[in-house]
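Structure first, commentary second.
Number of protein chains: 2
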Amino acid sequence: MDFDNTGFEAAARELVGKMTLAEKCSQLKYNAPAIERLGIPAYNWWNEALHGVARTGVATVFPQAIASASTFDDDTLYEEARAIGYEGRAKYNEYRSLGGTEIYQGITYWSPNINIFRDPRWGRGHETYGEDPYLTGRMGAAFVLGIEGKDRSGNPLSKYKLADATLKHYAVHSGPEADRHGFDAKATAQDMFETYLEAFRYCVEKAHPSAVIGAYNRTNGEPCCASPTLFGILHEKFGFDGYIVSDCGAINDINAHHHVTDSPEKSSALAINAGCDLNCGSAYASMLSAFESGLVDEETITEACVRLFTARFRLGMFADDCEYDKIGYGEVCSSEHKRICRKLARESIVLLENDGILPLSNDERLKIAVIGPAANDKKVLLGNYNGTPDEYVTIYEGIRRKARGAVYYSEGSGYFDGERGDWDEKRYADAYLAAKRADVVIMCVGLSPDFEGEEGPFGYGGDKRDIELPASQRELYERVLAAGTPIITVNVSGSAMALGRQSETSRAVLQFFYGGQYGGEALAEILFGETNPSGRLPVTFYRSTDELPPFEDYSMEGRTYKFYEGEPLYPFGHGLSYTTFEYSCLTAHEKDGGTDGAYSADFTLDVKNTGERDGDEVVLLYVHETDAECRVPIKKLIGFCRVSVGAGETVTAAIKTEPDAFCHVNEAGETVAGHTFEVMCGNLSLNIQR
Amino acid sequence: MDFDNTGFEAAARELVGKMTLAEKCSQLKYNAPAIERLGIPAYNWWNEALHGVARTGVATVFPQAIASASTFDDDTLYEEARAIGYEGRAKYNEYRSLGGTEIYQGITYWSPNINIFRDPRWGRGHETYGEDPYLTGRMGAAFVLGIEGKDRSGNPLSKYKLADATLKHYAVHSGPEADRHGFDAKATAQDMFETYLEAFRYCVEKAHPSAVIGAYNRTNGEPCCASPTLFGILHEKFGFDGYIVSDCGAINDINAHHHVTDSPEKSSALAINAGCDLNCGSAYASMLSAFESGLVDEETITEACVRLFTARFRLGMFADDCEYDKIGYGEVCSSEHKRICRKLARESIVLLENDGILPLSNDERLKIAVIGPAANDKKVLLGNYNGTPDEYVTIYEGIRRKARGAVYYSEGSGYFDGERGDWDEKRYADAYLAAKRADVVIMCVGLSPDFEGEEGPFGYGGDKRDIELPASQRELYERVLAAGTPIITVNVSGSAMALGRQSETSRAVLQFFYGGQYGGEALAEILFGETNPSGRLPVTFYRSTDELPPFEDYSMEGRTYKFYEGEPLYPFGHGLSYTTFEYSCLTAHEKDGGTDGAYSADFTLDVKNTGERDGDEVVLLYVHETDAECRVPIKKLIGFCRVSVGAGETVTAAIKTEPDAFCHVNEAGETVAGHTFEVMCGNLSLNIQR
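Same order as they appear, the protein sequences are chains C and P.
Yeah, the first sequence ends on 690 if you go by our numbering, and it's all consecutive.
Yeah, the second sequence ends on 1690 if you go by our numbering, and it's all consecutive.
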């Protein structure tokens, strides 16, 4: 059972009842001022915790969200989120001692980002859990439960919430960054319910987050932060009962960029009347004037305020018996949190190719060249929306510390080298020589968060123009390849890259999503075989940008493993191990059905480790509906689990599915039971007839 | 005895004799092309090695030059330079295997920078050995001897030179960076010979460097790269017999910015006729046309070419018996080179104030807050004109690794925070809380090479507008001070800063010049008392910018410890220890005199360590001439040595001086013997009458 809001809401209603209208209006802004006569301290609602408490000094910096997704380990992500909740409380307890909180000092986090990474060019894609709504839902829900102080089933672990999680960006939001303040994303009803809204539904139902943030863009014509359609779905269809926040400046965008209204006052009225309670930005400064103009009534303002104060009461902000008040700074970067951070880093690295060169034997005669712009770059560990780690290990550092033999380093090139001067370092030659000197090259190419991210001067307004390696790195790769030394490519990025050339010419290829403060250590463990790789791709790796539909097109046709008809370079879910697993005995255990009495079942199978190394295996269960009357996915992930299997041993893996796993979404956006299915798990399949 | 050039010059003359005029002209450019018919490979003369092989991948990154100067340890700087020579050869041997060398791949280094750091605002001051010509000469000469492969007395250690050193920038050059391409530095004859040229004289006489680089600016009206006056002094007065190089683009500046000529052709003729043999830049591409216009004769071109090829022969570039050809990559970042690097880092840190709080006892209960923009910044280790270290230890990292108790880190502010957005991290609050949490604060303020350096978009064209801490750091300091926790300030910079407030309110103050790859480790050793500090300031620390003459004014009046009449915050030569030293028995040992039979003597004294810790002591010997008829320095450094003295022990220190130590330079720039002197060493003094 979830938190019982009754008492908190009553207390909130009583407190809000003492406020003047102007005071109520003031509390609808993210930087809510103190109301001293009522004993209310100032509170800044804006804080971030995407993969660790962010932007407020030292904190454990866990792997970026996309890297969490590649672990397919929602149990450990839950532990991460709980750790974040504790670190955040420790900081909040200190900050609060200085008086009211400023930005990034509170316990209301505008995380997780559960948008669908529908196109690899989206700069912010690495903030998400990838391209699949089910995976995104599972990871998002685990995050919410952990950070809010609930158990894995959603039961509160204390009288108060540990923190508020906020799902973002509701909805559909996924680029282009350059246009986000005025863009209208057009999505069909089918794509909305099947893809763009599904993870929101899942997270709301499974984890009851405190809040949701509206997106910058319009969706099908309505500004997301003032969308009766979207908010209606959220409350009525998904059962959301928390508060809604605007993205920062998004309400002002309604007049300034969407041109749906012609003033902040009207935008504010439109938003609050639609159900947006809290404004990040300044538009709601005009709320009192909107009231005076008759655009909004007092009850609407009062109810928004009550929702916000219910949350504050539920966080124990006005209590003297909140156990979380005792959390001390010792939680920050504790050894337990670092253990979780390391575990996720290890699990997040994906082995894409291996001809047997990996793992390397860590011999003192083995000479290793670590080459590339990402090799010794701290930023690729941290991603974005990040904190400051107390220590960190880059890829080069990780290898250097662990290797028994000589390690040579060469940056080789920048991520993007434009016109460089005559007096610049000749890095290609340096890289070539390092490769010549070595027995094996660890080639660290890719991107950094400086080149894919949020609305920025970098990249293409924050996005990527294409998914190919930048020219300077392609050149670097060829120069190093010419040295003739075996290459192990480590692609570093928060998104899919076109690695065809590397696939053809490298002896092994690994994907390193922005891996957190210990990312380099984890990678080195994998290279030397101390850790058996187990990460899986949470996004499709296409062969080239030519394979992609136009970025601005929000149709899911041709996107993600569900609808892309071509042959990807590396499919969603791909990831190798140093051992081999054999699946058998895939069995359906029928259970009570979903919508319209749809077929429903959980599954078991035996997973045998047929190799000589212990290892984790991520088991992915897909379904394809073979006789649907509308478009259905080529296949659809309906369950997964991660199992540890000792060499030679067999483990029975149990995979639960959702009640509606065997339904599809039709063109009208309705959930419809299917009839004939193929269930796929590794090389096994089952045919199921309803 | 020095290298015998006879054979090399004969070989050069023979080879040059086979060249066409056009071929000879082509060899006067820094990027000299191959002449295949003569078996001459392409050679790029431009390389840098200010404090380690620079700009060509991994190399040991020794402390920046200004930090070397603060060690007053020219013996160890000699070792550094020798190590650099070996690392550079190792790289050259590899590069050369690829064919001709490109930029930063050769063995002709445009180091050291022996300009006088006359004003703390000069951005490039940290490339120098400080404000004193004698110290600069000593350090510069040690560098030249080491890198060129000679012993400490100047005797060649091999048939060939290990590398070429190049003294720069001849002469007077020291800002403003923004105006350097057209600036006319006006200096009196007295200032020229007493200050600006003295270290060049010293280094040429003591170390016979292969080359000298002309400066960008004009000096007293003549473009330095084409100055008959300056080159005349260099050859005729100082006995220089090497080759002269232009700074990069400086010959083109003669027409483009100095407007002394109206074409590159005329500038080139002016330069080569004055004696500039090698052009960095493109002006000498017009040399053939200058010849055809009758501006330069073939013999001048031939002789320049012979000088350059003499150098190449002397470096063994056309030999098959050069032992340096065998140097392998194992020299790069060898453990021996790292030992030298660490030693210099330890010796370079200057303890400016200490009320007894230092050294810290490294107790596991001691909680330390490390705060400030320089605390965890790699760039402040590397300085400029740097290589890439294979590993490095920032100040925070050094403390964190060594401390037994908790270490908290907060960046606190940027170096310079301009207008920051609403959404920026509130770093002051974070810093305050870190301080509150701790028992002691290590406050790392100052600058990075991003804010003082060569002609750039940063700072004030590379220079500093003032010597005060930037506003954001002053604010940070006050916020942290308000926490009430004892502060140990570590000022990080390559130049003197106004630290009055820190002097008043910190319990200890240290100066960390850009300290090389192990700078942070060395600092931590000092904080915890594993190393006893022994560095001394190579520059005067003034109280404020108001104390300084105008930056553009090249008169030495009011500058440096020699002519500044005010009371500095920390004088040149200042530096404390954890132990105490007592000087006694200062004795002059008269020797044959200098110019005009000037008085001359070496000195001895007893240095007793009266404290309880072993330590190094830098003994500085000054003279003041009491009855000169012209302006003479308030005092003048004429000798120094570094001695290691065990606790309770006494060591006799021997200080040699130059023959002309007891001379002065008069207004005409002539060296004149003095008569009455006070010799000062610590609290001891001797009165000497000729």
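Just so you know, even glycine gets a beta-carbon here, dropped at the ideal spot from N, CA and C.
Within chain C, the residues that residue i reaches when beta carbons sit closer than 8 Å
{"i": "residue 1423 of chain P", "result": "46, 103 and 248"}
Three-state secondary structure (DSSP) of residue i
{"i": "residue 26 of chain C", "result": "helix"}
{"i": "residue 1064 of chain P", "result": "coil"}
{"i": "residue 1659 of chain P", "result": "coil"}
{"i": "residue 1214 of chain P", "result": "strand"}
{"i": "residue 668 of chain C", "result": "coil"}
{"i": "residue 1223 of chain P", "result": "strand"}
{"i": "residue 541 of chain C", "result": "strand"}
{"i": "residue 149 of chain C", "result": "coil"}
{"i": "residue 1091 of chain P", "result": "helix"}
{"i": "residue 1170 of chain P", "result": "strand"}
{"i": "residue 642 of chain C", "result": "strand"}
{"i": "residue 133 of chain C", "result": "helix"}
{"i": "residue 1074 of chain P", "result": "helix"}
{"i": "residue 586 of chain C", "result": "strand"}
{"i": "residue 17 of chain C", "result": "helix"}
{"i": "residue 1158 of chain P", "result": "coil"}
Where residue i meets chain P, residues with beta-carbon distance less than 8 Å
{"i": "residue 429 of chain C", "result": "1095, 1098, 1102 and 1105"}
{"i": "residue 582 of chain C", "result": "Neighbours of residue 582 of chain C on chain P: none; closest Cβ ~44 Å, over 8 Å."}
{"i": "residue 426 of chain C", "result": "1056, 1102, 1103, 1104 and 1105"}
Residue i classed as buried or exposed, judged by whether at least 16 other C-beta atoms fall within 10 angstroms
{"i": "residue 1423 of chain P", "result": "exposed"}
{"i": "residue 236 of chain C", "result": "exposed"}
{"i": "residue 1449 of chain P", "result": "buried"}
{"i": "residue 1097 of chain P", "result": "exposed"}
{"i": "residue 258 of chain C", "result": "buried"}
{"i": "residue 639 of chain C", "result": "buried"}
{"i": "residue 343 of chain C", "result": "buried"}
{"i": "residue 1029 of chain P", "result": "buried"}
{"i": "residue 314 of chain C", "result": "buried"}
{"i": "residue 1199 of chain P", "result": "buried"}
{"i": "residue 255 of chain C", "result": "buried"}
Residues that residue i contacts on chain P, provided the C-beta gap is smaller than 7 Å
{"i": "residue 489 of chain C", "result": "Correct list: empty, because the minimum Cβ distance to chain P is about 20 Å."}
{"i": "residue 111 of chain C", "result": "Neighbours of residue 111 of chain C on chain P: none; closest Cβ ~15 Å, over 7 Å."}
Within chain P, the residues that residue i reaches when beta carbons sit closer than 9 Å
{"i": "residue 433 of chain C", "result": "1057, 1091, 1094, 1095, 1097, 1098 and 1329"}
{"i": "residue 410 of chain C", "result": "1057, 1058 and 1388"}
Within chain C, partners of residue i - CB distance below 9 Å
{"i": "residue 1400 of chain P", "result": "390 and 391"}
(message) Which complete beta strand (DSSP E) runs does the segment 594–633 of chain C hold, if anything under 3 residues is left out?
(response) Within the segment 594–633 of chain C, complete beta strand (DSSP E) segments of at least 3 residues are found at 601–609 and 615–625, given in chain order.
(message) Counting only Cβ-Cβ distances shorter than 7 Å, please list the residues of the segment 1044–1077 of chain P near chain C, keeping chain order.
(response) 1055, 1056, 1057 and 1058
(message) Which runs of the beta strand (DSSP E) at least 3 residues long sit entirely within the segment 240–288 of chain C? Give them in chain order.
(response) 243–245
(request) Taking only runs that begin and end inside the segment 474–519 of chain C, name each unbroken beta strand (DSSP E) of 3 or more residues, in chain order. (result) Fully enclosed beta strand (DSSP E) runs of no fewer than 3 residues occupy 487–492 and 508–512 of the segment 474–519 of chain C, in order along the chain.
(message) Under 8 Å, CB to CB, which of the residues in the segment 1378–1394 of chain P have a partner in chain C?
(response) 1388, 1390 and 1391
(request) Quick one: which residues of the segment 348–365 of chain C get their C-beta closer than 9 Å to a C-beta of chain P? List them in chain order. (result) Those residues of the segment 348–365 of chain C placed with their C-beta closer than 9 Å to a C-beta in chain P do not exist.
(message) For the segment 1437–1457 of chain P, list every residue whose C-beta sits within 8 Å of some C-beta in chain C, in sequence order.
(response) 1437
(message) Output needed in chain order: residues of the segment 616–644 of chain C with a Cβ under 7 Å from some Cβ in chain P.
(response) none
(message) To be precise: take each residue of the segment 1122–1153 of chain P, compare its Cβ to all Cβ atoms of chain C, and keep it if any distance is under 9 Å. Which residues remain?
(response) none
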